[in-house]
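Here the sequence shown is numbered in our numbering, starting from 7 and rising by one per residue. Glycine included, every Cβ here is placed at the ideal spot set by N, Cα and C. Since the structure is predicted, the reported quantities are computational estimates derived from the model, not experimental observations. Accompanying notes for the structure given below.
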Amino acid sequence: MSQSTNITWHESGISKEQRRQQNNHHSFVLWFTGLSGSGKSTIANAVAKQLYNREIRNYVLDGDNIRFGLNKNLGFSVEDRTENIRRIGEVSKLFVDSGQVVLTAFISPFQEDRDQVRHILEESEFIEVYVDCPIEECEKRDPKGLYKKARSGEIKEFTGIDSPYERPQNPELVIKTGENSIEECANEVIVYLRSKNFI
Ligand SMILES: Nc1ncnc2c1ncn2[C@@H]1O[C@H](COP(=O)(O)OP(=O)(O)O)[C@@H](O)[C@H]1O
Ligand SMILES: [Mg+2]
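Rendered as structure tokens:
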């Protein structure tokens, strides 16, 4: 629902297609979703490095980093999580329009929120990557000590503990970080992108 009135879209003189042509590659979103500690940030950054080395313009939007700035007024209630993802979706769309690849690393626990982002993009522009890792393994890794805090009740509404995670119903890619190495997982993403001729 828009609250703005008297606004008119101003067309850019440079099209998305022209920007893609200049960059020499497709532009799209790699949307990493999964439990805290599943490896979203790790894999997104490993893939970004490989893309960079291939001279593919890209940028990682990472959960906590965005909450320091753009989304600093949002918490972890269901409403705020939805708004968090809506904003990231809109920012991602701007990146795609600018001809770049954007990699997002957000838990994004709700299917409907992820689908909303899918729907504001074109079909070849949204790649949902399920970073699949058993919660026991995520909890063992606990890279930020958050599971410990959630178990002790210090943090509320923690995904997988007292807030739900909805597994993607139809993701383009599933990567199993509990079974394969960081390098293998990142390579799987690159192989997928090459198979689609996106890079
Ligand atoms: N195969 C793997 N893929 C991704 N991360 C892994 C893997 N094996 C071990 N890890 C470790 O698991 C942790 C994942 O943390 P992180 O990427 O911050 O997760 P998230 O962003 O999903 O919360 C890191 O400490 C990483 O080194
Ligand atoms: Mg992360």
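Less than 9 Å divides the Cβ of Val35 from the Cβ of Val102. Shown here, Asp168 sits in coil according to DSSP, grouped into three states, outside any helix or strand. Here Ile13 carries a coil assignment [DSSP, helix/strand/coil]. The beta strand (DSSP E) runs of length 3 or more contained entirely in the stretch 79–130 are, from start to end of the chain, 107–111.
In the displayed model, Ile49 falls within a helix according to three-state DSSP. Judged by DSSP secondary structure, Glu134 falls within the beta strand (DSSP E) whose first and last residues are Phe132 to Asp138. Under the criterion of beta carbons closer than 8 Å, Cys139 and Leu41 qualify as touching, at roughly 6 Å. Going by DSSP, Asp70 is part of no beta strand (DSSP E) but of the alpha helix (DSSP H) stretching over Gly69 to Phe74. Segment contact: the stretch 9–22 against the stretch 91–99, fewer than three CB-CB distances shorter than 8 Å; contact not assigned.
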